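Chemist: Take the sequence shown: its letters are residues 506 to 833, numbered as in the working numbering.
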Amino acid sequence: MKLLVTGGLGFIGSNFILHILKNYPNYKIVNVDDELPGSNRLNLTEIENSDNYRFVKGNITDQVVMEKLIRDCDQIINFAAESHVDRSIANAKPFIDSNIIGVFTILELLKKHKKRLIQISTDEVFGNLKSGSAIEDSKLNPSSPYSSSKASAELLVNSYIITYGVKAIITRCTNNYGPRQFIEKLIPKTIILAYHDKKIPIYNNGKGMRDWIHVDDHCSAISTLIHDGIDGEKYNIAAQNEYDVLTVVKKILSIMGKPSDNFEFAENRPGHDDRYSMDSTKIQNTMQWKPKIDFEQGLTDTVNWYLNNKNWWSGFDLKILDGYQWKS
Ligand SMILES: NC(=O)c1ccc[n+]([C@@H]2O[C@H](COP(=O)([O-])OP(=O)(O)OC[C@H]3O[C@@H](n4cnc5c(N)ncnc54)[C@H](O)[C@@H]3O)[C@@H](O)[C@H]2O)c1
506 MKLLVTGGLG FIGSNFILHI LKNYPNYKIV NVDDELPGSN RLNLTEIENS
556 DNYRFVKGNI TDQVVMEKLI RDCDQIINFA AESHVDRSIA NAKPFIDSNI
606 IGVFTILELL KKHKKRLIQI STDEVFGNLK SGSAIEDSKL NPSSPYSSSK
656 ASAELLVNSY IITYGVKAII TRCTNNYGPR QFIEKLIPKT IILAYHDKKI
706 PIYNNGKGMR DWIHVDDHCS AISTLIHDGI DGEKYNIAAQ NEYDVLTVVK
756 KILSIMGKPS DNFEFAENRP GHDDRYSMDS TKIQNTMQWK PKIDFEQGLT
806 DTVNWYLNNK NWWSGFDLKI LDGYQWKS
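Take a look at the structure:
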């Protein structure tokens, strides 16, 4: 199988490429990434000279580049996106470009080239849930420019399935954690600030409830879907590990042997959602996929990965971790 992975220098895309090449060494992967926020070339140095892997620096909104790549692949797995909610609040334009125009560019090409798209989406499209868990057909109700751009992409994909018979699957996943996540995101940020004995800034009194899944479990779900998923379907991917942000930060401080009060509450960010939650019964029952990684073990392994790979993050300007508000 020849896979075109977009955004493969980012957190989930790079873990996905490594997951596929480990489990399917005969597959060929082309990774197109424009090295925007979230990317890190170090993510894939271990395979950069492999015969079955090729990196192309390019933007998914570039129709010429994308046509050449789509023509030569069997499936496209679209991870490429601006992914940081705080950045979307500071400036939504890049989110509209990558997350909507980028998907539109791919969909237009798929009218001509009959390849299958796996569109990687997020639980954030369902917005704030007071209770219960979103199923595949729950109402889209996004709150931030980021989640709105992802919901817009979903609607576009759906319309191209219905109108043009484009072959596509939409996956939504809950909060991923694991190795290679950009340092601005909660878990790596907490680990790195704690390592430097700095206080961890926390929004919303740490009460924001999130459902955490190890990135390897997310990757195994996507792998299941590229093999057995049904065109036109949506699949929610979750591991049912609901913890609020404060609990997660305290768990990390405890794993690192740091004082449990090494945090400070920051001003709440606008449009902050209190809770996301999804039901993943559909993929579990119809695809026999199950998450395997225990949260406590996965979190400990993640902390150890960052502590054992300081060269991975030491190149970044750590000043971006000092403020709770991302500044443009
Ligand atoms: N991180 C999570 O918890 C999570 C949860 C659910 C869904 N998702 C979705 O998964 C995908 C990957 O998320 P991530 O956390 O790995 O993000 P990330 O920010 O770590 O990586 C995104 C990658 O996409 C690339 N990119 C962005 N716009 C591009 C463009 N126009 N052209 C080419 N490359 C571009 C960036 O350079 C980067 O390498 C996103 O679509 C995100 O919405 C993430």
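All C-beta atoms, glycine included, are put in the ideal place defined by N, C-alpha and C. Here the structure is a predicted model, which is why all the values come from computation and not from measurement.
Under the assumption that Phe521 contacts Phe584 (Cβ atoms under 8 Å), give the Cβ distance between them as a whole number of angstroms.
Modeler: With a Cβ gap of about 7 Å, Phe521 and Phe584 count as contacting.
Chemist: Nearest to Thr718 by alpha carbon, out of Glu769, Met571 and Asn741?
Modeler: Rather than Thr, the amino acid found at residue 718 in this sequence is Ile. Ranking the options by Cα distance to Ile718, first place goes to Asn741.
Chemist: Can you list, in chain order, the residues of its chain whose CB lies under 6 Å from that of Arg559, leaving out five sequence neighbours each side?
Modeler: Same-chain partners within the cutoff: Val535.
Chemist: Output the distance between the C-alpha atoms of Asn548 and His524, rounded to the nearest integer angstrom.
Modeler: In a straight line, the C-alpha of Asn548 is about 13 Å away from that of His524.
Chemist: Which of helix, strand or coil does DSSP assign to Ser847?
Modeler: A question about residue 847 goes unanswered here, because the residues of the chain that appear run from 506 up to 833.
Chemist: Under DSSP, the alpha helix (DSSP H) around Asn633 begins and ends at which residues?
Modeler: Unbroken run through Asn633: none, as it is neither H nor E.
Chemist: Go to Thr813, then tell me how far its alpha helix (DSSP H) extends in each direction, as first and last residue.
Modeler: Note that residue 813 is Asn in the sequence shown here, rather than Thr. Looking at the DSSP string, the run of the alpha helix (DSSP H) that includes Asn813 is Phe800 to Asn813.
Chemist: Touch check for the region 651–664 and the region 702–713: three-plus C-beta pairs under 8 Å?
Modeler: No: the two stretches stay apart, fewer than three of their Cβ pairs being nearer than 8 Å.
Chemist: If we count the other Cβ atoms within 10 Å of its Cβ and call it buried at 16 or more, is Asp579 buried or exposed?
Modeler: Classification of Asp579: exposed, given that the 10 Å Cβ count is below 16.
Chemist: Measuring straight from C-alpha to C-alpha, what distance separates Leu826 and Lys690?
Modeler: Rounded to whole angstroms, Leu826 to Lys690 spans 9 Å at the Cα level.
Chemist: Please confirm if Glu553 has its CB atom under 7 Å from at least one CB of chain B.
Modeler: No chain B appears in this structure, which consists of one protein chain only.
Chemist: How should Arg677 be labelled, buried or exposed, when 16 other C-beta atoms within 10 angstroms of its C-beta is the threshold for buried?
Modeler: With 16 or more Cβ atoms within 10 Å of its Cβ, Arg677 is classed as buried.
Chemist: Are the region 756–765 and the region 713–729 in contact at 8 Å, needing three or more beta carbon pairs?
Modeler: Too few Cβ pairs lie closer than 8 Å, so no.
Chemist: Closer than 6 Å: is that where the CB of Glu572 sits relative to any heavy atom of ligand 1?
Modeler: Because no heavy atom of ligand 1 lies under 6 Å away, the Cβ of Glu572 does not count as near it: no.
Chemist: Output the distance between the C-alpha atoms of Asp733 and Phe609, rounded to the nearest integer angstrom.
Modeler: Near 25 Å, if we compare the C-alpha coordinates of Phe609 and Asp733.
Chemist: Strictly by DSSP, which residues pair up with Leu835?
Modeler: The structure shown does not extend to residue 835, since the chain spans only 506 to 833, so no value can be given for it.
Chemist: Which two residues bound the contiguous beta strand (DSSP E) that contains Asn536?
Modeler: Lys533 to Asp538 is the extent of the beta strand (DSSP E) around Asn536.
Chemist: What are the residues that DSSP puts in a beta bridge with Ala744?
Modeler: According to DSSP, Ala744 bridges with nothing at all.
Chemist: Opposite Asn717 in the DSSP bridges: which residues?
Modeler: The amino acid at residue 717 is misidentified as Asn; the sequence shows Trp. Beta-bridge pairing links Trp717 to Asn680.
Chemist: Please classify Val569 as buried or exposed, where buried requires at least 16 neighbouring CB atoms within 10 angstroms.
Modeler: By the neighbour-count rule (16 or more Cβ atoms within 10 Å), Val569 is not buried but exposed.
Chemist: Around the Cβ of Tyr669, are there at least 16 other Cβ atoms within 10 angstroms (buried) or fewer (exposed)?
Modeler: Burial call: exposed.
Chemist: Sorted by chain position, which residues of the same chain lie with C-beta nearer than 7 Å to Ser785's C-beta, five sequence neighbours on each side aside?
Modeler: So the qualifying residues of the chain are Asn741, Ile742 and Ala743.
Chemist: Distance, Cα to Cα, Ser544 vs Gly563?
Modeler: Each residue's alpha carbon lies about 13 Å from the other.
Chemist: So, is Arg576 buried or exposed, given that buried needs 16 or more other C-beta atoms within 10 angstroms?
Modeler: That one is exposed.
Chemist: Which residues bound the alpha helix (DSSP H) around Pro693?
Modeler: Looking at the DSSP string, the run of the alpha helix (DSSP H) that includes Pro693 is Leu691 to Tyr700.
Chemist: If you scan the region 725–777 from start to end, which runs of the beta strand (DSSP E) of 3 or more residues do you find wholly inside it?
Modeler: 739–742, 747–749 and 768–770, all fully within the region 725–777.
Chemist: I'd like the span of the beta strand (DSSP E) that includes Thr511, first residue to last.
Modeler: Per DSSP, Thr511 belongs to the beta strand (DSSP E) from Lys507 to Thr511.
Chemist: Which stretch, first to last residue, makes up the alpha helix (DSSP H) that contains Arg576?
Modeler: Per DSSP, Arg576 belongs to the alpha helix (DSSP H) from Gln568 to Arg576.
Chemist: Are the CB atoms of Met783 and Ala597 within a distance shorter than 7 Å?
Modeler: Not closer than 7 Å, so no.
Chemist: At a cut-off of 6 Å, is Asp539 close to ligand 1 when judged by its beta-carbon and the heavy atoms of the ligand?
Modeler: Yes.
Chemist: Can you confirm whether the region 655–668 touches the region 770–782 when touching is taken to mean that 3 or more C-beta pairs between the two stretches lie within less than 8 Å?
Modeler: Segments in contact, no.
Chemist: Checking the sheet assignment: what are the DSSP bridge partners for Ala639?
Modeler: Met783, per the DSSP bridge assignment.
Chemist: For Ala656, which residues in the same chain have their Cβ closer than 7 Å to its Cβ, ignoring the five residues on either side in sequence?
Modeler: So the qualifying residues of the chain are Val630, Leu645 and Pro647.
Chemist: If you drop the 5 nearest sequence neighbours on each side, which residues of the same chain put their C-beta closer than 6 Å to that of Gly512?
Modeler: For Gly512, where only same-chain residues beyond five positions count, the Cβ hits under 6 Å are Gly518, Asp538, Phe584 and Ala585.
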